[in-house]
Every structure is written in C-alpha cells, then in structure tokens.
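Before any comments, here is the structure.
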Amino acid sequence: MEKLSTGQRINRAGDDALGFSMSEKMRTQIRGLAQAERNVMDGVSFIQVTEGTLEQVNNILQRLRELSIQTSNGIYSNDDRKLVQLEVDQLIEEVDRIGKSAEFNRIKPLSGDHSKQSNKPIQLQVGPNQNEKLDVFIDSMNATGLQLMTNGKKQALSSPASANAMIGILDNAITKVNQQRADLGAYYNRLEITSQGLQSSYVNMVAAESRVRDADMAEQIVDYTRNQILTKSGSAMLAQANMRPDQVVKLLSDRFG
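When we follow full-length UniProt numbering, the leftmost residue of the sequence shown carries the number 1, and every step to the right adds one.
Pasting the structure below:
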C-alpha cells in the first residue's frame, strides 16, 4: 500500500539497499546539475554585462582616434589644440572611470585584478563535481592599462607629432579591447554549449533515477487489487463458516424445541 501511495518502489534502504544507494547518488548529481546550470546562466549574464561595458570603452577609443587624426593636421593653432585637449582629457577620464569602477555583483572585472598576469581568474563552477570550472581572464581596461595615461599623466595632443603618436597608442588600445571582447565571446559560446550539456544530463539523470526508485504503478495496482480480492474472499468464507453452527442450532431448536 505504501508503494502505491508514494509512487515509489524504494521508500527506505530496507526496500532495496543497493537501489537506494544508487538512487541517492543520482539525486545528489541531479541537484548538482541543477545548481551548475544556474551557475552557467549567472556566468552568461556576467559575460554579457562585461562585454557591453567594453563596447562603451571601444566607442570612446574610436572618438579619441578621430580627434588624434584631426589634430595630426598641422593647420590647427595651439589654442585649437587646447580646446580639443579638453575633450580628450574628459574621454580619457571616462575610460579610466569605467575600467576602475564597472561592477558585476561587486566584482570589478576590468580593474586588472583578474588578468592572466595576476593569475587570479574569475572562476565559474560549471559542473556538479569538484574542479569542473571555467577560468575567465580579463585584462586591465583602465586608462593606464590602455596606455592612455603614463605615471598619472594623460596623453596630450599638443602637436602634430604627439597627435600622430597617439594614433598608434589608440590602435593598440582598440586592438586590446577587441581581443578581450573576442575572448569574452569565446567564453560565452562555451557556456552556451555547457548549458546544453547540463540540461541534457539533468533530463537523463532524472529519468534514470526514476527507473531505479519509482514503482511500476500498473504492477502495484494489480497487486493491490489482487490482495483486496483475497482479503474480501477470506472474510466472506470466514463469515459463512461462522454462520453454519448457528444454522444447526436453529434447526435443532425448531425440531426438538
């Protein structure tokens, strides 16, 4: 009756010790797979937010490059260059602010703390077991890391020569940012594949655990029905057996009473 009411063939270790052990191990894996899937989705969100922040940095670098090309032209006066430098300084400060303060759950991914040089990656636990992890490395993307500042001093476009040199610096910075965005894209694709694998493993593991632990309801219903019939038949036979002495007494009483 318990198996029929719970729908499980194994309700305790005594029902099937080996099956119970297998089922519990599978349940551990099932819960681990579910949590790993949530971890992967959190990782995807982190990658998306970080890549979006780098897109902002890239847009600023492109604007800085335009200004550098403009001021490489020798027809501008020193006063003209000072006006352009005002915008350049603001843009460099914004790059520095983004690199130092951009956050995801209080983690600052662009600060350089998680670069390959620091050897302190952001670790994503992407599986249900020990050491199933993905290490995410992100280089420093502040003004110093992109060489827009040296020893705390911003790059200047004070002459055609310095402006021309700035073009090369910005080309390197843009390449660095785009390479990091490409790396994040690779991490994203890997997480997508990992997510698909976890979902498939979860479904298969749940099905396998069900086959081990769950009862065959059709079989249990047949057994229950058979037992009910046997119980009722036994009760009926016992009732009839109890009736016969009473009938004999009644006959004797009627005949000789």
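The C-beta atom is built at its ideal place from N, Cα and C for all residues, glycine as well.
If you're wondering where the values come from, they're calculated on a predicted model, not measured in any experiment.
The Cβ-Cβ distance between Ser-111 and Phe-137 does not fall below 8 Å. Ranked by Cα distance from Asn-78, the options Pro-160, Val-44, Leu-61 and Arg-63 are led by Pro-160. By the C-beta criterion, the segment 84-97 is judged not to be in contact with the segment 114-132, since fewer than 3 inter-stretch pairs fall below 8 Å. Around the beta carbon of Ser-23, 16 or more other beta carbons lie within 10 angstroms, which makes this residue buried. Take Asp-135, set aside five residues on each side of it, and the residues of its chain with a beta-carbon closer than 7 Å to its own are Pro-121 and Gln-123, in chain order.
By the Cβ-count criterion, Ala-102 is buried, with 16 or more other Cβ atoms from all chains shown falling within 10 Å of its own Cβ.
Where Ile-122 is concerned, the enclosing beta strand (DSSP E) starts and stops at 122-125. Put simply, the segment 174-183 touches the segment 55-65. At least three CB pairs are less than 8 Å apart. Inclusion of Ala-143 and Val-206 in the CB contact set at 8 Å is not warranted, their separation being larger than that value. In this chain, the alpha helix (DSSP H) harbouring Leu-18 covers 17-71.
Under a 10 Å Cβ-count criterion, Val-203 is classified as exposed, with fewer than 16 other Cβ atoms of the shown protein chains found around its own Cβ.
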